[in-house]
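Single-structure report; data block below.
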Amino acid sequence: MIWNYALERNLRMISDRISKMTGAKIIEKRYSYRDYQKYRQSSHKFELKQRLYFLMQQSKFFDDFLEKAE
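According to the working numbering, the sequence shown is numbered sequentially starting from 99.
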C-alpha cells in the first residue's frame, strides 16, 4: 500500500476547518523527517543510547562493560 500524501493533506485541511468552526483544538503539524532527525541528533537521550550501544558492542562481559563505562 502506498501512502497518499495529497489525501492526507486534504483531510487535515478539512479537519482543521471543522475544528476551527467548532472551536476545537487544531493539532499542530508534526516534525518533518529532516527536522525530526535534527532534533533527535541534538537529544541527550540519543547521544547516551549511542554511547551505550558502542560500549555494549566493545564489551564481552557485563563487568567489562561496567569498567569501560566509567
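Don't be surprised by glycine CBs; every beta carbon is placed ideally from N, CA and C.
task: Please name the residue, chosen from Ser140, Met154, Lys147 and Ile112, that lies closest to Ile125 on a Cα-to-Cα basis.
output: For this step, residue 125 is matched to residue 27 along the sequence shown. Taking only the C-alpha atoms, the option nearest Ile125 is Ile112.
query: Thinking C-beta only, is Tyr137 closer than 8 Å to Tyr129?
result: Position 31 of the sequence shown, counted from the start, is the residue given in the question as residue 129. Position 39 of the sequence shown, counted from the start, is the residue given in the question as residue 137. Yes. Within cutoff.
query: In this structure, does DSSP put Lys123 in helix, strand or coil?
result: In the sequence shown, the residue the question calls residue 123 occupies position 25. Three-state result, Lys123: coil.
task: Look at the Cβ atom of Phe144, then the Cβ atom of Met154, and state whether they are nearer than 8 Å.
output: Walking along the sequence shown from the start, residue 144 turns up at place 46. Walking along the sequence shown from the start, residue 154 turns up at place 56. No, the Cβ-Cβ distance between Phe144 and Met154 is not below 8 Å.
query: Quick one, are the C-beta atoms of Lys147 and Gln156 less than 8 Å apart?
result: As a first step, residue 147 must be located in the sequence shown, where it is residue number 49. As a first step, residue 156 must be located in the sequence shown, where it is residue number 58. No; because the gap between Cβ atoms is not below 8 Å, this pair is not in contact.
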